[in-house]
Structures are given as C-alpha cells and as structure tokens.
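Engineer: The structure under discussion is supplied below as structure tokens; questions concerning it will follow.
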C-alpha cells in the first residue's frame, strides 16, 4: 500500500516532536526510519499506526485521507519494541487474538483460526511453540511471535519499532534476514524504526534519516553513503 | 531451551549444604552468620506470637469458655443475627463498588498523562490519613436530618444517616484506597504496550480491557478486594458515628462492643470470633486461589 505523509507535525505540550515532515513511501517498499533517540522516528511510526494523532498535517493511504482513521481501522501490523506479547496467553492465543477480535460476521471459524495460526507459526519457523507462554521463549522467538501476531490480521502495512533492539548480535543478523524474507514473501509495505545505521543500510530499500523532528535525507542506502546531504547525516552514518 | 528459566530463581541450582567442604570459609555475599539469622527469626516469631496468635487464641478461648453450645446459642440471638446480616450486606455492596471505583481510578492514573496526577494519588490516600471518626462526622454533617439535603431525603423516605446508606457511604470512603493502591504499582509496571498491541490488532477498548488489562491485574485486584472486604467488615469508627448505634443500624463490630459493655462476654467474643473467622476465610480463599493458579501466576510474573 502506498503511504504518503503530508506536512505532519506533532507537539507534546510545548516541545515539538516532529516539525512538519513529508514523505512518500511506494507500495511494497521496505523503509528504515533511522535516527538517534529523540529524533521523532518512533512518533512518526506511531502516527502511521494510529497510536498518536498529529498536531497538523495528513496521512494518506493509497491516496485516501487516513488521518482520522482509528487505530483499529488502520489495520497496521505493529511490532512493539519490547514485543508487548500478552503474557497471560499462549503463543497460539497471542497470534489468534486479532482474528478473534473481529466482528462476528468477519470472524473466521475456529478450525480456520487454527489453520491460519499454524501457517503463521510455520512462516516464522517455530511450528511447535503454540502451547508455550511468552515468558518461556527466548528474545528472538518472542520477536518472531510478535511478527506473526501482527501478520495474522492480514495487515495493510507492517510497522516495527526497533524490532531488533533487545537482541544479541547473532540473533539480530538472523532475524534481519527473516524480516527481509517475510517482506519479500508478503509484499507488504514495511516501515521499521532503528538507531543502528548498519541495520538500516543493510536491510532497507529506502532509508529516511531523521534528527530532532526533521527529515535530514531520504534515499537508497548506497546514495546516502555516497552523498550524505547534511553534516548530521555524514557524521551519523560514519558512527 | 536453556535460557527460558534463567529468570526464575527456583530453577537455579541451589548450593547444597554439607557437600562443599569449603562452605565454612566461603559464604555467599547475601548470607549472614547463623547466630544473626536465628536471632532475627526469633524476634519475628516472638512478635508474631505476641501480636497475632495470642490475641486470636484469646478471642476463641473466651468465646468457647462456656462451651460450643453457649457460643453458638449467643450467635443466634436476634441482635447477633441482625448484626451479621447487616455486616455481610454492607460488604456485599461496598466491595463491588470499590472494585469499580478502584479499577477506574487506577486506570485513569496509570494510562493517561495529565496535570495534577500526583495530587490525585494523594487524594486517593486521604481515607488512610483521615481518622474514620472524622469521615463519619463529615457524612453526618452533609446528610444529617438538620441539613437541607438530609431533611429532604428523610422527608422523601430515604434517610442516609442512622441507616444503611450512611453505613455504606462511610465504609466505601474508608476502604476506597485498598483496591486502587494495589493496582496502581502493578499497572504502572506493566505500562501501556500490551493494550496498544490489542488495539492495533483491532480490539475495541472494552475488549482490550476485559481480555488484556483485567487478566494482567487480576491478582493485585483480588488482593485489594480481600483487604477491602476485611476492612469493610471490621470498620468501627466511621460506622459508629453514622449509625448512631441504632438497633437497626448495628454492624458486627458495633454489636461486639455493645455486648461487651453489657458484660455479655460469651456473646461478645463469639461474635468477635466469627468476625475473625470471616477474615481468616478470605485469606484462606486467597491462598487456595493462588495455589490453584500457580502456573498462570508464575508465567505472568516471570521476566518478560
């Protein structure tokens, strides 16, 4: 799905988290929002997901104004920084949650839910963990379950907040490839937030470098490396 | 899976006393000398016996001093039965009310950011710091028959003071903090992420509350409700003021005092024993529920 961000700004009280930013994301792209903490990248992601509302500006999905859609209406698959798995539910119930939450007419039957959850567990290559609780999983497994749960609602886009932040270096590399594969398989427009420039450059088709609530540069990884637009970008990607 | 139990101390290998010959020389940094440990345990046990077991035993011993028959018979008097009924009725009204108020207050405080939050938290604690007698007096001053509201209510056949509504109001006030106090730290610790996740998955606000928020706080809620219940049944000061010690508005604690003042010691202590038994029953219920749901409890408490 094509996503357009049109002059979005966001204030928290008297501090501006986003000064007007505009960005157009082509359908099916894998985009990294890259920047240090406090750069506004998570705020932008949450605005896209409907968890925050902008102070001014518009969000367009496929050319349609989506600014006032509620979080439920957006149908964005959101993966939270610490995954936010429901700790009192099994992995199976976590993944099934979005399907069971649908209105009765659109809710799949129980066998259909089982079929879909099983398929998602296979997609994340953890077919046997349906009966476990989140506390019994490793960090990497939790991240993949969170991804499966987000995919279960047949989202229109995938939004990930620091998806590899809490993982050790080896698992991080594996899961990067995992996210790339899932993106290529589903063709979903995918936006992830990261402060790790190596991660952004390696994984994304399009990198958006942000600092202090502004977009510093938008480009393909190679272009940003070759021609950093500002001093900030030059020093940030050199780090 | 080698890492899944890392957060659980119970699954870590425990040092085995007596096997390690170096044990006497090397002790864990958190370990204390034997003498200190035993004296601390002895002090704790002494106060527990002096302050908890001794009075409890004394109550039951006094109640049964003339045998089971006399104790049971004293509980069957008209006054005792009406006091027991009233106390159970008050608890049955107050506990659900405070469950709703407590959840609402804790939800509001922990899930939203607003000015004056610290002030609101202080306000919730107010019933703990204000003397219950003062709380009772406030209700009398507000709704007593010599006030405008009170006179109108009495004229319309709905007296508050010296009647059930006053007792309920006083008890709700006094027990208000228990549920909210238990819930606020738990809900702060859990943050908003799980609720946000439920919303992004398409769940409505109510569905999120019942399937995510409530299950996550259920143990803290239960504990708060048990404390609230115990206090609701046992409250004396505030209820004494608003009931005016009328026959029809006498709860168990008030009736115990009346019996005692009338030198009816078997009746007083039997009723006191019953009140203590209700409290013990709620604690037993809590322990039983916890052991029955030990799995779910440890799964939701282990690191996440």
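Residue numbers (the numbering used here), protein chains in the order written: chain P, 193 to 431; chain H, 4 to 307. All C-beta atoms in this analysis are idealised placements derived from N, C-alpha and C, irrespective of residue type, glycine included.
With a cut-off of 8 Å on the beta carbons, I'd call residue 152(H) and residue 161(H) a contact; round off their distance for me.
Structural biologist: As a first step, residue 152(H) must be located in the second chain, where it is residue number 149. As a first step, residue 161(H) must be located in the second chain, where it is residue number 158. The Cβ separation is near 11 Å, so there is no contact.
Engineer: Against chain H, does residue 264(P) count as a neighbour if the rule is that its beta carbon must be under 8 Å from one of theirs?
Structural biologist: The count along the first chain starts at 1 and reaches residue 264(P) at position 72. Yes, its Cβ sits closer than 8 Å to a Cβ of chain H.
Engineer: Output the boundary residues of the alpha helix (DSSP H) element that contains residue 374(P).
Structural biologist: In the first chain, residue 374(P) corresponds to position 182, counting from 1. Taken as a continuous stretch (DSSP letters only), the alpha helix (DSSP H) holding residue 374(P) covers 361-378.
Engineer: Under 8 Å, do residue 405(P) and residue 209(P) count as touching if we go by C-beta distance?
Structural biologist: Along the first chain, one-based indexing puts residue 405(P) at 213. Along the first chain, one-based indexing puts residue 209(P) at 17. Yes, the pair counts as a contact, with Cβ atoms nearer than the cut-off.
Engineer: Would you grab the beta carbon distance between residue 244(H) and residue 136(H) for me? Rounded to a whole angstrom, and I think it's under 8 Å.
Structural biologist: As a working note, residue 244(H) is residue 241 in the second chain. As a working note, residue 136(H) is residue 133 in the second chain. With a Cβ gap of about 6 Å, residue 244(H) and residue 136(H) count as contacting.
Engineer: Once DSSP output is grouped into helix, strand and coil, what is the label at residue 415(P)?
Structural biologist: As a working note, residue 415(P) is residue 223 in the first chain. Residue 415(P): helix per DSSP, three-state reduction.
Engineer: My parser needs the alpha helix (DSSP H) runs of 4 or more residues fully inside the region 198-274 of chain P; what are they?
Structural biologist: Those alpha helix (DSSP H) runs which fall completely within the region 198-274 of chain P and span 4+ residues are 233-241, 263-266.
Engineer: Is the shortest distance between the beta-carbon of residue 40(H) and the beta-carbons of chain P less than 8 Å?
Structural biologist: As a working note, residue 40(H) is residue 37 in the second chain. So, not an interface residue.
Engineer: Give me the Cα-Cα distance between residue 104(H) and residue 179(H), rounded to the nearest whole angstrom.
Structural biologist: For the purposes of this step, residue 104(H) is identified with residue 101 of the second chain, where counting begins at 1. For the purposes of this step, residue 179(H) is identified with residue 176 of the second chain, where counting begins at 1. About 8 Å.
Engineer: From 195(H), 177(H), 183(H), pick the residue whose C-alpha is nearest to that of residue 115(H); which is it?
Structural biologist: Position 112 of the second chain, counted from the start, is the residue given in the question as residue 115(H). The shortest C-alpha separation from residue 115(H) is found at 195(H).
Engineer: Who are the near neighbours of residue 140(H) in its chain, counting only those whose CB is closer than 8 Å to its CB and skipping five residues on each side?
Structural biologist: Within the second chain, residue 140(H) is the residue found at index 137, counting from 1. If we look at residue 140(H) and ignore the five residues flanking it on each side, its Cβ neighbours are 244.
Engineer: Roughly how many whole angstroms lie between the Cα atoms of residue 445(P) and residue 292(P)?
Structural biologist: As shown, chain P starts at 193 and ends at 431. That puts residue 445(P) outside it, with no answer to give.
Engineer: Rounded to a whole number of angstroms, what is the C-alpha to C-alpha distance between residue 159(H) and residue 224(H)?
Structural biologist: Position 156 of the second chain, counting from 1, holds the residue named residue 159(H). Position 221 of the second chain, counting from 1, holds the residue named residue 224(H). The straight-line gap from Cα to Cα measures roughly 38 Å.
Engineer: Would a C-beta distance cut-off of 8 Å place residue 1(H) and residue 270(H) closer than the cut-off?
Structural biologist: Residue numbering for chain H in the displayed model covers 4 to 307; residue 1(H) lies beyond these limits and cannot be assessed.
Engineer: Measure the alpha-carbon distance for residue 255(H) versus residue 214(H) and round it to whole angstroms.
Structural biologist: Working through the second chain from its first residue, we reach residue 255(H) at position 252. Working through the second chain from its first residue, we reach residue 214(H) at position 211. The alpha-carbon atoms of residue 255(H) and residue 214(H) are separated by roughly 38 Å.
Engineer: Would DSSP call residue 16(H) helix, strand or coil?
Structural biologist: To locate residue 16(H), count along the second chain from 1; it is residue 13. Legend: pLDDT at residue 16(H) = 49, less than 50; position of this residue unreliable, value from coordinates given subsequently. Here DSSP, grouped into helix, strand and coil, assigns residue 16(H) to coil.
Engineer: Please say whether residue 428(P) and residue 399(P) have beta carbons closer to each other than 8 Å?
Structural biologist: As a first step, residue 399(P) is located in the first chain; it is residue number 207 there, counting from the start. As a first step, residue 428(P) is located in the first chain; it is residue number 236 there, counting from the start. The answer is no: Cβ separation not under 8 Å.
Engineer: Would residue 413(P) and residue 396(P) be called neighbours here (beta carbons separated by less than 8 Å)?
Structural biologist: What you label residue 413(P) is simply residue 221 of the first chain in a count that begins at 1. What you label residue 396(P) is simply residue 204 of the first chain in a count that begins at 1. Yes, these two residues count as a Cβ contact at 8 Å.
Engineer: Could you please tell me which residues of the region 192-224 of chain H, in chain order, have their CB closer than 8 Å to any CB of chain P?
Structural biologist: 196, 197, 199, 200, 201, 202, 203, 204, 205, 206, 207, 210, 214, 215, 218, 219
Engineer: Looking at chain H, is there any beta carbon in it that lies within less than 8 Å of the beta carbon of residue 195(P)?
Structural biologist: Counting from 1 along the first chain, the entry for residue 195(P) is found at position 3. No, residue 195(P) does not count as interfacial toward chain H.
Engineer: How about residue 368(P): is its C-beta nearer than 8 Å to some C-beta of chain H?
Structural biologist: Looking up residue 368(P) in the first chain gives position 176. For residue 368(P), the answer is no, since every Cβ of chain H falls outside 8 Å of its Cβ.
Engineer: Ordered along the chain, which non-local residues of its own chain (more than five positions away) have a Cβ less than 7 Å from that of residue 219(P)?
Structural biologist: Counting from one through the first chain, the residue named residue 219(P) turns up at place 27. Closer than 7 Å at Cβ, skipping near neighbours: 193, 194, 381.
Engineer: Using only CA atoms, which one of 276(H), 222(H), 60(H), 282(H) lies nearest to residue 295(H)?
Structural biologist: Position 292 of the second chain holds residue 295(H). Per the Cα distances, 222(H).
Engineer: DSSP puts residue 81(H) in a beta bridge; with which residues?
Structural biologist: As a first step, residue 81(H) is located in the second chain; it is residue number 78 there, counting from the start. Its beta-bridge partners do not exist; DSSP assigns none.
Engineer: Using a C-beta to C-beta distance shorter than 7 Å, which residues of chain H count as neighbours of residue 312(P)?
Structural biologist: As a working mapping, residue 312(P) is identified with position 120 in the first chain. The premise fails here: residue 312(P) is roughly 13 Å from chain H at the closest Cβ pair, so nothing lies under 7 Å.
Engineer: Using a threshold of 7 Å, is the CB atom of residue 117(H) nearer than that to any non-hydrogen atom of the ligand FMN?
Structural biologist: Ligands are entirely absent from the displayed structure, and the ligand FMN is therefore not among its contents.
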